[in-house]
Amino acid sequence: MPSVALQFTDVSKTYPTAGAGSRHALDHVSFAIPEGRMVAVVGRSGSGKSTLLHLAAGIDRATAGTVSAFGRSVGSMDEGERTLYRRNTIGLVFQFFHLLPHLSVFENVILPALIAGEKRDIFARRATALLERMGLADRADAAIGQLSGGEMQRVAIARALIRKPRLVLADEPTGNLDDATGRTVMELLTGLVRDDGATLICVTHSREAAGYADDVWEIRSGQLLGA
Amino acid sequence: MIRYLLRTLNTRWRTGKSLLILSWFGVTLGVASVLSIQILNRSAFAAFQGSVTAISGRADLSVTGMTPRFADSLYLVVIADPDVARAWPLLQTSVIAEASRKVVLDLYGVDLFQPTGLPLEEMSGEIGAPLTDGWVAITPAFATEHGLSVGDTLMVSSGILRVPLRIGALVNLQRLTPAANRTMAIMDIAQAQGLFGASGLLTQIDIGLAEGADPATAQARIQETLGPGVTVATPAERAQQGSDLLAAFRLNLTALSSISLLVGLFLVYASTQASLVRRRKELGLLLSIGASRGQVLGLILAEIAVVGGLGVTIGLPLGYWIASANVSSVSATIVNLYQLNAIETLALPWTMYALAVVVGLGGAILGALWPALEISRRPSHELLAPFTLHQSLRSAAGAMFVAGITIFVLSGGWYFAFGRAWRPAGFVLAMALMVGLALLAPATLDAVARPLVVRRLGLAYSVKTLAARLQTSAVAVASLGLVVSMLVGVTFMVGSFRETVAVWIEGTVHADIYITTESWARSGDDAALNDSTIQFITSRPEVQAFDRLRATSATIGGRRTFVAGVDLSQELPDRFAFLRGDPVRATRLVRDSGAVLISEPLARRMNSWVGDTIRVPGRVEAAFVVAGVYYDYGNEAGAVVMDLGTMAGLIGPGPVSNLALYLKDGLAADNLVNALRSEMGALPLQIRSNLALRTEVLQIFDRTFAITAVVQALSLIIAVAGVTLTLLVLARERVAELALYQALGASRRQIFGIFLGKGFTIAALGLVLGLAGGVVLAAILIYVINRDYFGWTIQVHWPLATLAQQAALILGAAVVASLYPALRASRTPATELTREDF
Chain A
191 MPSVALQFTD VSKTYPTAGA GSRHALDHVS FAIPEGRMVA VVGRSGSGKS TLLHLAAGID
251 RATAGTVSAF GRSVGSMDEG ERTLYRRNTI GLVFQFFHLL PHLSVFENVI LPALIAGEKR
311 DIFARRATAL LERMGLADRA DAAIGQLSGG EMQRVAIARA LIRKPRLVLA DEPTGNLDDA
371 TGRTVMELLT GLVRDDGATL ICVTHSREAA GYADDVWEIR SGQLLGA
Chain B
2 MIRYLLRTLN TRWRTGKSLL ILSWFGVTLG VASVLSIQIL NRSAFAAFQG SVTAISGRAD
62 LSVTGMTPRF ADSLYLVVIA DPDVARAWPL LQTSVIAEAS RKVVLDLYGV DLFQPTGLPL
122 EEMSGEIGAP LTDGWVAITP AFATEHGLSV GDTLMVSSGI LRVPLRIGAL VNLQRLTPAA
182 NRTMAIMDIA QAQGLFGASG LLTQIDIGLA EGADPATAQA RIQETLGPGV TVATPAERAQ
242 QGSDLLAAFR LNLTALSSIS LLVGLFLVYA STQASLVRRR KELGLLLSIG ASRGQVLGLI
302 LAEIAVVGGL GVTIGLPLGY WIASANVSSV SATIVNLYQL NAIETLALPW TMYALAVVVG
362 LGGAILGALW PALEISRRPS HELLAPFTLH QSLRSAAGAM FVAGITIFVL SGGWYFAFGR
422 AWRPAGFVLA MALMVGLALL APATLDAVAR PLVVRRLGLA YSVKTLAARL QTSAVAVASL
482 GLVVSMLVGV TFMVGSFRET VAVWIEGTVH ADIYITTESW ARSGDDAALN DSTIQFITSR
542 PEVQAFDRLR ATSATIGGRR TFVAGVDLSQ ELPDRFAFLR GDPVRATRLV RDSGAVLISE
602 PLARRMNSWV GDTIRVPGRV EAAFVVAGVY YDYGNEAGAV VMDLGTMAGL IGPGPVSNLA
662 LYLKDGLAAD NLVNALRSEM GALPLQIRSN LALRTEVLQI FDRTFAITAV VQALSLIIAV
722 AGVTLTLLVL ARERVAELAL YQALGASRRQ IFGIFLGKGF TIAALGLVLG LAGGVVLAAI
782 LIYVINRDYF GWTIQVHWPL ATLAQQAALI LGAAVVASLY PALRASRTPA TELTREDF
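Line by line, the protein sequences are chains A and B.
Residues are numbered in the numbering used here as their position in the first sequence, beginning at 1, plus a constant of 190.
Residues are numbered in the numbering used here as their position in the second sequence, beginning at 1, plus a constant of 1.
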């Protein structure tokens, strides 16, 4: 029986709004994702998709309920523990890539390893292998500004996977790409995640991107459907 | 637009307090630095002018001698001129007044028979009282300060003479001119002549011309009639003389303070740049909805003008306070170096307010102009898009580097080809150095960062990320580099100068004890010893040998120059360190052939060297062959040294003013010093050991440069504030990047460390640039500016310990300045990850 990679138990997230009101980004969401599974969460803008990812990554805390990853409660971790959790367990892919323009392609890929203080020769080999897999081996020394959108997202995926995270969280990975590029990116992402045996949660508004996942859930007004 | 401006300012205050505060800080300190120096400069001149105006304010022309005194028979010649309606004879002497403490009192003997216009108050006694018993009128301020009243006796000394004066009135000279010195006093001229050994002599004759007389014609005719032994000058010409006297001193201080202003402008530039980059979308939006480029530019500059206005508001009183805090050291310099009046009041005319406004507002707008123009000219779509803005400086870095080197080469070439003959050339070189150095900063930072291989989130990573934001970071490096250049250059120059003076003293001050009178420092010519005192001292059994010096002054080349007569018949250790000429031969020529030695400042000023002749005024003007040129750091105007016999021939016989005693071997100087002070305590003598004299000389030297230390400190504060500003700007600009680090698992400590590393890098690069620039600036100060303006040779000594201390201080200060921004940056939450560009 595979263990549970990520579990939300009656999780709600509320943000205060101007005046005395508040907005429910997530409303009593519960699910459990086994290890190795790929789940796509679809929904319109403002439905709570990114909030779900932020809570899963420990970037934000739930207002109510419990978020657990690999048997540990993320919400009860202190700041140092959450930092280590993100460093050692999570890989993040963003819609707008969030690559650093002053670093080369190679340096962007190895950034999580630099943060973790790993030895360069170890992560350098992995980075080279990932770039080869991405078809960017010859662009390792290129500046980010010289890349196309699809190439940048591939670099971002390589960065997210450099330390073989157990849980990969992708926020609209194809949101800024054309259809053909998006397909290429999703094929690479899901292929690499599967090779590493990691768990993937991908939030997207694209049904086509969601089609690469094992399960597709819908989130609507903070409530999860299909989980 | 005004309403929009106010709302923008309000928003900037709420969301970007630290940026606004640092901008304002830069303007404030820049204004304060410039203003404090200008207030001191202005006040120094006003102190000189105040004395002149108080006594001679009514004069159309003034007659002064080429020597300190001239025969009062010239008065009759003056009064006989058809254009002369009135003439006021004047005798001026400086004495030591034994008031609540011993202070210098500048006595002016005037003809009280004539209407003087002097505001005498509380006069006591009969009508003829001012003509007897040492009657003197002192200023109310002096009386109050020393607890004196009309009727009191005031003992004064002039040379070895002690003379009791009777306070007969108060004279409120400050009513005539607020800058009049409180230590001025008035007495009858005949009494002054008789009491102070100046019978038949005058210092000055003030002339009131008849109505309708042409001043220029009268001046020319009176000059021709009186001959070359005197100068006839208008009030404007006299003011110019005073201005010229202080010109070099004032110019150097002004140049120093300008660097503070320049660095302050860098702060404004950096914060404006950061603010505009952050607001580029807002500005792009304004343009796209129809605002004109002029409106956008006006909006930006109006915001800066508000910051500048605030800077002026605080900078003005701060500048005044800094001037007040440093007036005593500057005043001491002026008194010691130029024998002028001390600064008693700080002048703050309306022109200072205007200067503050121009410097503050103008400087702020100038600092912000380039980024404002740049951003207002961009198309709106560029402003709404990411990535573009910070690329411009990176691509221009190479060209700027080349431009900087070109400036160095061209300015150096210009100087050696044409500039050497032009006195201000040194300042042009210094300015070119500063500009060139600033242009080197971006490429230097880029060059350091590019080859770095990042292995962890350490210093190399900090340097790389710093170089990614050249438009911001290079400005901080440049401004710190400029300040360090100035610090290093001035420290180097002052350190070398001090060491040179110390070595010079070591090599020339050989006597064990030096004796003069208390009024020597101020009155020179009048400060004479008498024969009985000299006999008493020199016949002491402890004394092996002694040297005598007789002092006077003369106007040579338009400047009052020290003229000394010494006894060169004795075989004594070297008293002069020769720059040119063989010491043995030169001494023989001076002793036997009536030649002279001249000091280096005089030689350079008059371009007279060994073998040339120099004309020295005396009873008649005489020409003397220059036998040697010697180093002399005690006098900026220069000095002529001749044998006592030669001097007697030039100005007639007269008493000496200084004794130097050489004791028998093994005897301690302090013992004799104490014995003489005890036995001769009733006489107004100044008796100092060799050590005490050397110590005093160096103390005067240190006081002279105290004000430069203040300007240096201000500049350093501004530059270090620039480090804080730069890092805050980087933290604000890079919020998304910082959030990314957090999202990828970086700890707060790691992010804190990245920013500390950036601060350290700015400091280190600024230090490197500054050290290089500082060495060059020191060379300019030592070999060009100092030589051209003061005429001294400074031997280069490397003040390594001081420089090392300064470097450590700067690095430390920069790291401390990085702490707050690093803390801010480390607290950026991962939730700040937005769609913002990187």
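No residue lacks a Cβ here, since even glycine has one placed at the ideal position from N, Cα and C.
Using a CB distance cut-off of 7 Å, valine 455 of chain B counts as an interface residue toward chain A.
Counting the other CB atoms within 10 Å of its CB gives tyrosine 515 of chain B a total of 16 or more, which places it among the buried residues.
Taking 7 Å as the threshold, the shortest C-beta distance from histidine 214 of chain A to chain B does not fall below it. Annotation: the continuous alpha helix (DSSP H) that includes tyrosine 742 of chain B extends over 736-744. Among the residues facing chain A, alanine 469 of chain B is included, as its CB has a counterpart in that chain under 7 Å away. Interface residue (Cβ-Cβ distance to chain B less than 7 Å): glycine 307 of chain A is classified as such.
For proline 131 of chain B, the CB contacts under 7 Å within the same chain, skipping 5 residues up- and downstream, are Leu113, Gly169 and Asp189 in chain order. Across the structure, isoleucine 538 of chain B and leucine 677 of chain B are spaced so that their CA atoms are roughly 8 Å apart. Leucine 458 of chain B has a beta carbon lying within less than 7 Å of a beta carbon in chain A. Neighbours of isoleucine 352 of chain A across chain B, judged by C-beta separation under 8 Å, do not exist; the nearest C-beta is about 10 Å away. Between the alpha carbons of leucine 603 of chain B and aspartate 633 of chain B lies a gap of roughly 10 Å. Cβ neighbours of arginine 349 of chain A within its own chain (closer than 7 Å, five residues either side excluded): Asn298, Val299, Leu301 and Pro302. Contact between alanine 624 of chain B and leucine 651 of chain B is absent: CB atoms are separated by about 11 Å, not below the 8 Å threshold. Look at alanine 444 of chain B: its C-beta is not under 7 Å from any C-beta on chain A. Cα atoms of leucine 262 of chain B and alanine 747 of chain B: separation of roughly 40 Å, rounded to the nearest angstrom. Per DSSP, reduced to three states, the secondary structure at histidine 244 of chain A is helical. Residue ranges of uninterrupted beta strand (DSSP E) with 3 or more members, entirely inside the region 652-700 of chain B and ordered along the chain, are 659-664 and 686-690.
When rounded, the separation of the alpha-carbon atoms in alanine 195 of chain A and glycine 309 of chain B is 59 Å.
Not flagged as an interface residue toward chain A: serine 474 of chain B, since no C-beta distance is shorter than 7 Å. CA-CA distance, aspartate 575 of chain B to histidine 511 of chain B, rounds to 8 Å.
Partner residues in the beta bridge of arginine 616 of chain B, as assigned by DSSP, are B/Ala624. Here arginine 8 of chain B is exposed, its C-beta having fewer than 16 other C-beta atoms within 10 Å. Between arginine 733 of chain B and serine 827 of chain B, the C-beta spacing is not below 7 Å. It is roughly 26 Å from the alpha-carbon of leucine 286 of chain B to the alpha-carbon of threonine 207 of chain A. Ranked by how close their Cα comes to the Cα of glycine 238 of chain A, the residues A/Ala333, A/Tyr275 and A/Glu362 have A/Glu362 in first place. Shown here for leucine 174 of chain B: same chain residues with a beta carbon closer than 6 Å to its own, the five before and five after excluded, namely Ala55, Thr140, Ala181 and Met185 in chain order. Shown here, tryptophan 89 of chain B sits in a strand according to DSSP, grouped into three states.
Put simply, the backbone Cα of alanine 306 of chain A is about 17 Å away from that of valine 454 of chain B.
Contact of arginine 310 of chain A with chain B is assigned, a C-beta pair being separated by under 7 Å. Contacts with chain A at 7 Å (Cβ-Cβ) include leucine 741 of chain B. Within its own chain, the residues whose Cβ lies closer than 7 Å to the Cβ of arginine 561 of chain B, once the five positions on either side in sequence are excluded, are Ser554 and Ala638, listed in chain order. Taking 7 Å as the cut-off, the beta carbon of proline 443 of chain B is found closer than this to the beta carbon of leucine 471 of chain B. Interface annotation for the region 720-740 of chain B against chain A: Ala737, Glu738 and Ala740, criterion Cβ-Cβ distance under 9 Å. Valine 817 of chain B counts as exposed, since fewer than 16 other beta carbons sit within 10 angstroms of its beta carbon.
In the three-state reduction of the DSSP assignment, histidine 214 of chain A falls in the strand class.
For methionine 643 of chain B, the uninterrupted beta strand (DSSP E) run begins and ends at 640-644, by DSSP.
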